[in-house]
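The structure under discussion appears below in the form of structure tokens.
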Amino acid sequence: MRVAAYLLLVVSMFHMGYSAADKVIYGPDNRYNMHDYPIAEFVTMASATAVLIEYFDLRPIDKNGYTLVYSPLRHQRGFCSDVPYLDQNSVGICTGFLIAPDILVTAGHCMERENSCQQNRWVFDYNQQFLVNHDVIPNSNVYSCTILDQVLDKQTGLDYAVVRLSRSVEDRQPLKIRPSGQLRSGIPLVVIGHPSGLPSKISDGSHVRSSDQKVYFTANMDTFGGNSGSPVINRNSGEVEGILVRGEEDYDYDRQRGCYINKLCEDDGCSGESATRIRMIKDLDKYLY
Numbered sequence: 343m344r345v346a347a348y349l350l351l352v353v354s355m356f357h358m359g360y361s362a363a364d365k366v367i368y369g370p371d372n373r374y375n376m377h378d379y380p381i382a383e384f385v386t387m388a389s390a391t392a393v394l395i396e397y398f399d400l401r402p403i404d405k406n407g408y409t410l411v412y413s414p415l416r417h418q419r420g421f422c423s424d425v426p427y428l429d430q431n432s433v434g435i436c437t438g439f440l441i442a443p444d445i446l447v448t449a450g451h452c453m454e455r456e457n458s459c460q461q462n463r464w465v466f467d468y469n470q471q472f473l474v475n476h477d478v479i480p481n482s483n484v485y486s487c488t489i490l491d492q493v494l495d496k497q498t499g500l501d502y503a504v505v506r507l508s509r510s511v512e513d514r515q516p517l518k519i520r521p522s523g524q525l526r527s528g529i530p531l532v533v534i535g536h537p538s539g540l541p542s543k544i545s546d547g548s549h550v551r552s553s554d555q556k557v558y559f560t561a562n563m564d565t566f567g568g569n570s571g572s573p574v575i576n577r578n579s580g581e582v583e584g585i586l587v588r589g590e591e592d593y594d595y596d597r598q599r600g601c602y603i604n605k606l607c608e609d610d611g612c613s614g615e616s617a618t619r620i621r622m623i624k625d626l627d628k629y630l631y
């Protein structure tokens, strides 16, 4: 795994010890701005996801909230002009999602250091519609955390963390979790998160490629660094199947144009993106109250 391939976050993640996995586009780019996604059920689910932001990128402006210290994606790297979302903010490190009112799950490498909770905050409603309509992130959307469990096993590929938020999240429902069993190859998937630290995106059009590993499965998901910790959801059942943890490199250098483009793979090409199976979380059911 390598640090997310966008420049400013590379620097900050290096200092903080993150090992976020890069990801890629398979076939057409199936990422949507959260509120542009055509299926309302998944837009509602997206409200149960949060972005991890370094605390010093949240600037308190008064007792009611924060402004973000950020720059648009186009300033993070020498991108070609046709890379999507260049003018949107890029500030997030990882993604997480609620499994209970005060319990959030993410990738283990997002919480790798003991002070990961102290140095960062979980922020809800970091989406393009909210940012266009609001100048301030209210205190009610910002949470600190305590690590309850964290695993990053490079031998087995097991990679997850469970954190307790500083208070319960009252205005949205936790995501549904697969109750038992194991998914099959070919099952369609939806991923919700913050690719390259961008405002919330919903990505569909992917499916399970391989489900023969004990602790993770592989799929052709359109994801990037910043998606680490994203919920990987069964499109048929609406249940979380896994936690996005690693994949291909984000970008390729176009030597002819002298700039970076999204790495593109055929739907059945490259190595695929990997997700820790949600049921591999130790004592998962004790958190689901």
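So for the sequence shown, this note's numbering puts the first residue at 343; every next one is plus one. Glycine included, each C-beta is placed from N, C-alpha and C at the ideal position. These figures come from a predicted structure and were not determined experimentally.
Query raised in the report: How far does the beta strand (DSSP E) with Gln492 in it reach, from first residue to last?
Result: Per DSSP, the continuous beta strand (DSSP E) segment holding Gln492 begins and ends at 487–494.
Query raised in the report: If you count every other CB in all the chains shown that lies within 10 Å of the CB of Gly523, and 16 or more means buried, which is it?
Result: Counting the other CB atoms within 10 Å of its CB gives Gly523 a total below 16, which places it among the exposed residues.
Report task. For Phe398, count neighbouring C-beta atoms within 10 Å of its own C-beta (all shown protein chains included) and say buried if the count is 16 or more, exposed if not. Result -> So Phe398 ends up on the exposed side.
Requested in this report: Measure the alpha-carbon distance for Ile381 versus Leu490 and round it to whole angstroms.
Outcome: Cα to Cα, the separation comes out at about 33 Å.
**Report entry** DSSP three-state assignment for Ser381, whether helix, strand or coil
**Finding:** The question names Ser, yet the displayed sequence has Ile at residue 381. The answer is coil: DSSP assigns Ile381 none of H, G, I, E or B.
Query raised in the report: Closest by CA to Arg619, which one among Pro521, Val433, Ser389?
Result: A check of alpha carbon separations from Arg619 across Pro521, Val433, Ser389 identifies Pro521 as the nearest.
Query raised in the report: With contact counted as at least three CB pairs below 8 Å, one residue from each stretch, are the stretch 466–478 and the stretch 394–408 in contact?
Result: Taking a cut-off of 8 Å on C-beta distances, the stretch 466–478 touches the stretch 394–408, as three or more cross pairs fall below it.
Query - Collapsed DSSP secondary structure at Ala388 in the structure displayed - result: Looking at Ala388 - three-state DSSP - the assignment turns out to be helix.
Query raised in the report: How many Å lie between Cys452 and Ile441 at the Cα?
Result: So the alpha carbons of these two residues sit roughly 17 Å apart.
Report task. Tell me whether Ser458 is buried or exposed, calling it buried when 16 or more other Cβ atoms sit within 10 Å of its Cβ. Result -> Label assigned to Ser458: buried.
Requested in this report: Would you mind giving the Cβ-Cβ distance between Ser527 and Val550, rounded to the nearest angstrom? I have them listed as a contact below 8 Å.
Outcome: The C-beta distance from Ser527 to Val550 rounds to 5 Å, short enough to fall under 8 Å.
Report task. Quick one: using the 10 Å Cβ neighbour count with 16 as the cut-off for buried, is Thr565 buried or exposed? Result -> By the Cβ-count criterion, Thr565 is buried, with 16 or more other Cβ atoms from all chains shown falling within 10 Å of its own Cβ.
Report task. Would you mind giving the Cβ-Cβ distance between Leu394 and Gly434, rounded to the nearest angstrom? I have them listed as a contact below 8 Å. Result -> Sure, about 6 Å apart at Cβ, within 8 Å.
Report task. May I have the straight-line CA-CA distance separating Glu512 from Cys487, to the nearest angstrom? Result -> Cα atoms of Glu512 and Cys487: separation of roughly 16 Å, rounded to the nearest angstrom.
Requested in this report: Over the uninterrupted beta strand (DSSP E) stretch that includes Val411, give me the two end residues.
Outcome: From DSSP, Val411 is part of no beta strand (DSSP E); its letter is neither H nor E.
Query - Proximal residues to Pro443 (C-beta, below 8 Å), its chain only, five neighbours per side dropped - result: Ser510, Val511, Glu512, Pro516, listed in sequence order.
Query raised in the report: Thinking just about the alpha-carbon of each residue, which of Val574, Tyr595, Tyr602 is nearest to the one in Val587?
Result: When each option's Cα is compared against that of Val587, the closest is Val574.
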